[in-house]
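Trainee:
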Amino acid sequence: MNIGAARLANLRISKRPFEQAEDVVAWLGAMQAQDYAGALWSIGLRMTGATVQAVEEAVAAQRIVRTWPMRGTLHLVAAADVRWLLALLTPRQIAQSAGRYRQVELDDTAFGQSQAIFTKELYGRQTRTRDELYDALARGGIAPDGQRGYHLLARAAQDGLICFGPMHGKQQTFVLLDEWVPPTPPFSRAEALAKLARRYFTSHGPATVQDLARWAGITLTDAKQGLADAGDSLIQETVAGQAYWLPHSTPSADTSAAQLYMLPGFDEFVLGYGDRSAVLDATYAQRICPGGNGVFRPTIVADGAIVGTWKRTIKKRHITVEWEPFRPFTARAEKALDLAAQRYGEFLDMSVTTP
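Residue numbers for the sequence shown follow the numbering used here, beginning at 4 and rising by one.
Below, the structure is given as structure tokens:
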């Protein structure tokens with residue numbers, strides 16, 4: 004089994020059946036989104052004929068929500084999933100942050116007071132930028148400096164009070180979650196773990212139970228429990244002594260499309276797994292995450308493996324794309340990359356120049 008190729012198919016990179024942005028996000032469960040522009044492309048590359056405007060409209064129309072549901076990191080999630088994911092995943096994150104809260108002198112009183120301020124500022128479908136909420140905190144006697152403001156916002160989101168709202172120019176705003184997303188029925192913890200496991204392995208498989216635990220920020224015990232309760236929708240395959248889980252059927256790749264892909268730096272093909280050895284030669288790990296600083300470079304993928312990185316320069320309505328192969332590309336590969344770059348330009352509605 005070519006693990007990387009199977010992942011490309013199940014992640015809906017080599018097979019792109021989606022027409023709606025929210026369906027992409029719902030399929031994957033959650034998409035890492037601290038790099039907002041990159042997250043939009045992660046959605047777009049899984050759609051047919053997508054444009055950045057169409058993806059942004061899905062966010063503005065409240066069908067996709069940007070918040071902090073897992074690993075203390077910003078993600079995009081489908082509106083229907085945001086509450087059960089927060090309820091399942093954030094209590095452990097909050098407990099793990101206790102030491103950091105003490106370092107920046109935040110306690111339950113500060114969280115309660117800040118959330119009262121946020122509620123007052125945002126009630127009635129109001130929107131505020133980050134700086135506007137920081138100003139409101141300062142007026143209320145809570146200093147937002149030294150990362151305190153960031154932790155107060157993230158905690159309010161993890162508690163299900165706020166989430167990101169529409170864009171205000173080039174700045175994102177915050178809104179009250181209950182005013183932004185309609186109510187959804189809750190799940191028991193066991194139901195939520197099983198739902199999480201099914202969603203993850205269906206969209207990310209072949210993957211290990213350790214991959215699930217790392218991706219969701221849950222314990223290995225919880226990951227195993229979710230897998231055990233996921234029912235018969237998944238199958239197990241063993242490769243080199245390692246058990247992988249995946250859906251019963253994996254779609255074949257779209258052979259009419261170029262089989263090289265330009266992925267953004269934080270795409271699920273890279274960030275969706277704790278162990279990337281099946282798709283990345285360890286020799287090149289520093290090339291995609293220099294210094295191990297957690298900032299991932301955009302990648303080029305061929306035949307289920309990461310084979311290089313790329314970068315872009317935007318000037319007005321034009322993009323210059325450059326790539327850095329781990330090994331020299333063939334003429335055929337460069338032609339396929341040209342096609343991939345043109346598709347990226349079409350997504351952004353910009354002209355493209357390649358090497």
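Beta carbons: idealized from backbone N, C-alpha and C, even for Gly.
Being a predicted model, the structure only gives us computed values, none of them experimental.
(1) May I ask which residues mark the beginning and end of the beta strand (DSSP E) holding L237?
(2) Any chance the region 90–105 sits against the region 44–62, with 3 or more Cβ pairs inside 8 angstroms?
(3) Using 10 angstroms around the beta-carbon of T211, count the other beta-carbons present and answer buried if the total reaches 16, otherwise exposed.
(4) Count the other CB atoms within 10 Å of the CB of E25; is the residue buried (16 or more) or exposed (fewer)?
(5) Using beta-carbon positions only, say whether A200 and L215 come within less than 8 angstroms of one another.
(6) As a quick exercise: from G307, A226, G163 and A344, pick the residue whose alpha carbon is nearest that of R202.
(7) Taking the alpha-carbon positions, what's the A260 to W71 distance?
(8) Which residue marks the beginning of the beta strand (DSSP E) containing G168, and which one marks its end?
(9) What would DSSP say about I145, mapped onto helix, strand or coil?
(10) Where do the ends of the alpha helix (DSSP H) carrying S17 lie?
(11) Using CA atoms only, rank isn't needed, just tell me which of A33, I6, P358 and A29 is closest to L274.
(12) If we ignore side chains and look at the alpha-carbon of each, how far apart do T122 and Q262 end up?
(13) Short of 6 angstroms in beta carbon distance, which residues of its chain neighbour Q175, apart from the five on each side in sequence? Order them along the chain.
(14) So, with DSSP's three-state summary, where would you put A287?
(15) Do A42 and L79 have their C-beta atoms closer together than 8 angstroms?
(16) Hey, would you say L237 sits closer than 8 angstroms to P209, going by beta carbons?
(17) Give me the residue from F190, M265 and Y126 with the minimum Cα distance to L340.
(18) State the beta-bridge partners of V184 as determined by DSSP.
Mentor: According to the structure shown:
(1) Segment L237 to V242, the beta strand (DSSP E) holding L237.
(2) Fewer than three Cβ pairs drawn from the region 90–105 and the region 44–62 lie within less than 8 angstroms of each other, which leaves the two stretches out of contact.
(3) Classification for T211: buried.
(4) Buried, because 16 or more other Cβ atoms sit within 10 Å of the Cβ of E25.
(5) Against a cut-off of 8 angstroms, the Cβ pair of L215 and A200 comes out as a contact.
(6) With distances taken between Cα atoms, R202 lies closest to A226.
(7) In this prediction, A260 has a pLDDT of 48, which is less than 50 and means its spatial position is unreliable; nothing more can be read from the coordinates.
(8) According to the DSSP assignment, G168 belongs to the beta strand (DSSP E) that extends over I165 to H171.
(9) Look at I145 here: in three-state DSSP terms it is coil, with no helix or strand label.
(10) Per DSSP, S17 is not a residue of any alpha helix (DSSP H), being assigned neither H nor E.
(11) If we check each option's Cα against that of L274, A33 comes out closest.
(12) Rounded to whole angstroms, the gap between the alpha carbons of T122 and Q262 is 48 angstroms.
(13) Sequence-distant partners of Q175 (beyond 5 residues in either direction) whose C-beta falls short of 6 angstroms from its own C-beta, in its chain, are F167.
(14) Before going on, a small fix: residue 287 reads as Tyr here, not Ala. Helix, per DSSP.
(15) In contact: A42 and L79 (Cβ atoms closer than 8 angstroms).
(16) No, the Cβ-Cβ distance between L237 and P209 is not below 8 angstroms.
(17) Nearest to L340 by alpha-carbon distance, out of F190, M265 and Y126, is M265.
(18) Answer by DSSP bridge pairing: none, since V184 is not bridged.
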